[in-house]
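Colleague:
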Amino acid sequence: MEATLSAFENCLQTADAKCLKGSSSMLMEYRTPIFHIFSDLIVKMTPSSSISPTGPPSEDRSVYEQIRGLESQVALSEGKLQESQRCFDSVISSLASNIESTVSCVNDLKSSMEHNTDTLASLPATIAKPSYAQVASLPANVSNFTIAPPPSEKVLLVRPLESNADSSTTRNKITSFLLNKNLPFRITRIKNINNGGIAICLTTDEDVNKLSQELSKNAGFASFSVSKPTLRKPQFILFGVNSSYNKDSITKALLLKRDIFKDGGLEVNFSMKSKFSNNWVISVSPYLYPVIKDHDHLYLNFERVRIETFISVMQCSTCGSLGHTRNHCSNTNACIRCSSTDDHDRTSCNLRCINCTTHNARFRSGFPENHGCRDKNCPVLIQFRKRTIDCTDYGR
-8 MEATLSAFEN CLQTADAKCL KGSSSMLMEY RTPIFHIFSD LIVKMTPSSS
42 ISPTGPPSED RSVYEQIRGL ESQVALSEGK LQESQRCFDS VISSLASNIE
92 STVSCVNDLK SSMEHNTDTL ASLPATIAKP SYAQVASLPA NVSNFTIAPP
142 PSEKVLLVRP LESNADSSTT RNKITSFLLN KNLPFRITRI KNINNGGIAI
192 CLTTDEDVNK LSQELSKNAG FASFSVSKPT LRKPQFILFG VNSSYNKDSI
242 TKALLLKRDI FKDGGLEVNF SMKSKFSNNW VISVSPYLYP VIKDHDHLYL
292 NFERVRIETF ISVMQCSTCG SLGHTRNHCS NTNACIRCSS TDDHDRTSCN
342 LRCINCTTHN ARFRSGFPEN HGCRDKNCPV LIQFRKRTID CTDYGR
């Protein structure tokens, strides 16, 4: 009997341990029938006289106390199980409410994404892409394009006195000298110029003067000329000059205006042919520029000639590129409208500027290309004109 009760107690303890891990309702259903089965078995195995309403006899008191103890453990376990069940139900309820709110948010996001997708899909139909002909027919708005001014640089020119010298040799000699001396000059760049020379760009006039002194007193540069660049003289263009005039006759006719050119300061440069006359370009001293500009005209003998400020930019008549002339061009003859070298009708081809195309390919500048290379509103031409203005002394 005692062995049976001990086994029953162990079974209940095992059930208690499982109730903390498993489902409360399942374990409750599992434990209660076991208790009743063992209780019935004990009653059957115990004589009827051993258990009476008045209490157990003394010899079976220990068995009775064990049964009561087991009943107390069962009641305690039932209480723990009920508490666990309540906690479990509370957690399930909380999770269910959170899941509902999460599902609602997901549905809202899904609906928003579908709406945005539909909106994006309808954009191509709303915004029609213009054709090439429509873009080409639009007026050029290049005149409103602002180009940031280049940083202010001070320049020192170094040229070899001997002919047939190479700029790379001059550059290497200067670079070696600067590295060995470790001079405290801030040099921004060194670029090649004509006649085997180089231009050293610095940040201040003081650095230019100091570097010029260092090179002049060094015996290794005795065969080099060191100088500062001189500014260009301002120029004017005279429109519609009679074809009978040449350089000498124009000079004499202008010098008759003694109120302006009494001290000279005039040089006739070159002419450009027009349909019925010629346009002449002249250079004047910087102090004369504001005086002539205010007149907006000059007289050749007794003939009034309209004038404008002339900003000289070299442009090749062979390939249309800026920065050189046809005498120094090795490129193939190209159309000035579309920059193509193919044989085609050059009066009706689509406009395409060779200078903006090249600039965009090198610097990704995004300049418009739907104009001819001689268009006065060409962004690259505006840049070249700006450089010419910066290098000209207008008497300011």
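If you read the sequence shown in the numbering used here, its first letter stands for residue -8, the second for the next number, and so on.
All C-beta atoms in this analysis are idealised placements derived from N, C-alpha and C, irrespective of residue type, glycine included.
Since the model is a prediction, treat every value here as computed from it, not as a measurement.
Three or more beta-carbon pairs under 8 Å between the region 367 to 378 and the region 334 to 354, yes or no?
Modeller: Contact between the region 367 to 378 and the region 334 to 354 is present, because at least three Cβ pairs lie under 8 Å.
Colleague: Is it buried or exposed for residue 257, if we count other Cβ within 10 angstroms and need 16 for buried?
Modeller: Residue 257 is buried by the Cβ-count criterion.
Colleague: Assign residue 224 to one of two classes, buried (16 or more other C-beta atoms within 10 Å of its C-beta) or exposed (fewer than that).
Modeller: Result: buried.
Colleague: Can you give me the C-alpha to C-alpha distance between residue 307 and residue 282, rounded to a whole angstrom?
Modeller: If you take the alpha carbons of residue 307 and residue 282, they lie about 33 Å apart.
Colleague: Just curious, the alpha helix (DSSP H) that residue 378 is in, first and last residue?
Modeller: Unbroken alpha helix (DSSP H) run through residue 378: 370 to 381.
Colleague: Residue ranges of each alpha helix (DSSP H) run of no fewer than 4 residues wholly in the region 204 to 262, ordered along the chain?
Modeller: The region 204 to 262 contains these whole alpha helix (DSSP H) runs: 238 to 246 and 249 to 252.
Colleague: Quick one: what does DSSP say residue 304 is sitting in, helix, strand or coil?
Modeller: The answer is coil: DSSP assigns residue 304 none of H, G, I, E or B.
Colleague: Check whether the Cβ atoms of residue 270 and residue 276 lie closer than 9 Å to each other.
Modeller: No, they are not a contact pair.
Colleague: Just checking, does the region 197 to 210 make contact with the region 282 to 298 on the three C-beta pairs under 8 Å criterion?
Modeller: As far as the Cβ criterion goes, the region 197 to 210 does not touch the region 282 to 298, which means the pair count is below three.
Colleague: Assuming contact is defined by CB atoms lying nearer than 9 Å, are residue 226 and residue 301 in contact in what I supplied?
Modeller: In contact: residue 226 and residue 301 (Cβ atoms closer than 9 Å).
Colleague: Compute the Euclidean distance between the alpha carbons of residue 183 and residue 150, then round it to the nearest angstrom.
Modeller: Their Cα atoms are separated by approximately 10 Å.
Colleague: Take residue 138 and list the residues in its own chain whose beta-carbon comes closer than 8 Å to its own, dropping the five residues that flank it on each side.
Modeller: Interpretation of residue 138 is limited by its pLDDT of 41, a score under 50 that renders its predicted location unreliable; the figure taken from the coordinates is listed afterwards. Counting only Cβ-Cβ distances below 8 Å, and skipping sequence neighbours, we find 370, 373, 374 and 377.
Colleague: Leaving out the 5 sequence neighbours to the left and right, which residues in its chain are closer than 6 Å to residue 280 when beta-carbon positions are compared?
Modeller: For residue 280, where only same-chain residues beyond five positions count, the Cβ hits under 6 Å are 225, 385 and 386.
Colleague: Going by the beta-carbon positions, is the gap between residue 228 and residue 299 smaller than 9 Å?
Modeller: The answer is yes: Cβ separation under 9 Å.
Colleague: Would you mind stating whether residue 311 and residue 353 have Cβ atoms separated by less than 9 Å?
Modeller: The answer is no: Cβ separation not under 9 Å.
Colleague: Rounded to whole angstroms, what is the Cα-Cα separation between residue 160 and residue 214?
Modeller: Cα to Cα, the separation comes out at about 13 Å.
Colleague: Just verifying my parser: in three-state terms, what is the DSSP assignment at residue 88?
Modeller: Of the three classes helix, strand and coil, the one that applies to residue 88 here is helix, per DSSP.
Colleague: Tell me the DSSP secondary structure of residue 299 in three-state form.
Modeller: Residue state, collapsed to three classes: strand.
Colleague: Could you work out which residue in 267, 248, 218 and 254 is closest to residue 232 when comparing CA atoms only?
Modeller: Checked all of 267, 248, 218 and 254; the closest Cα to residue 232 is 267.
Colleague: Between which two residues does the beta strand (DSSP E) harbouring residue 347 extend?
Modeller: Careful: residue 347 lies outside any beta strand (DSSP E), inside the alpha helix (DSSP H) at 345 to 354.
Colleague: Use the C-beta contact count for residue 329: other C-beta atoms within 10 angstroms, 16 or more gives buried, fewer gives exposed.
Modeller: Answer is buried; the Cβ neighbour count reaches 16.
Colleague: Which residues does DSSP list as the beta-bridge partners of residue 192?
Modeller: Per DSSP, 146 and 180.
Colleague: Can you tell me where the alpha helix (DSSP H) holding residue 280 begins and where it ends?
Modeller: Its alpha helix (DSSP H) spans residues 280 to 286.
Colleague: Since residue 216 contacts residue 152 with CB under 8 Å, what's their CB separation in whole angstroms?
Modeller: Indeed, because the Cβ distance is near 6 Å, the residues count as touching under 8 Å.
Colleague: By a C-beta neighbour count over all protein chains shown, 10 Å radius and 16 as the cutoff for buried, is residue 278 buried or exposed?
Modeller: So residue 278 counts as exposed.
Colleague: Enumerate in chain order the residues of its own chain whose CB-to-CB distance from residue 194 is below 6 Å, with the five nearest sequence positions on each side excluded.
Modeller: For residue 194, where only same-chain residues beyond five positions count, the Cβ hits under 6 Å are 177.
Colleague: Roughly how many angstroms separate the alpha carbons of residue 84 and residue 94, rounded to a whole number?
Modeller: Going by the C-alpha atoms only, they are around 15 Å apart.
Colleague: For residue 181 versus residue 148, is the C-beta spacing smaller than 9 Å?
Modeller: For residue 181 and residue 148, no; Cβs fall outside 9 Å.
Colleague: Short of 8 Å in beta carbon distance, which residues of its chain neighbour residue 16, apart from the five on each side in sequence? Order them along the chain.
Modeller: Here the model assigns residue 16 a pLDDT of 49, short of 50, so the residue's position is not dependable, and the following value carries that caveat. Excluding sequence neighbours, residue 16 sits near 76.
Colleague: What's the gap between the Cα of residue 221 and the Cα of residue 175?
Modeller: Going from the Cα of residue 221 to the Cα of residue 175 covers about 25 Å.
Colleague: Please classify residue 187: is it buried, with 16 or more other beta-carbons within 10 angstroms of its beta-carbon, or exposed?
Modeller: It counts as buried.
Colleague: Start and end of the alpha helix (DSSP H) containing residue 418?
Modeller: Not covered by the structure: residue 418. The range shown for the chain is -8 to 387.
Colleague: Buried or exposed: where does residue 383 fall if 16 or more other Cβ atoms within 10 Å of its Cβ makes it buried?
Modeller: Buried, since its Cβ has 16 or more Cβ neighbours within 10 Å.
Colleague: Just how far apart, CA to CA, sit residue 78 and residue 107?
Modeller: Approximately 44 Å, taken between the alpha carbons.
Colleague: In angstroms, rounded to a whole number, what distance separates the CA positions of residue 169 and residue 210?
Modeller: Whole-angstrom Cα-Cα distance: 14 Å.
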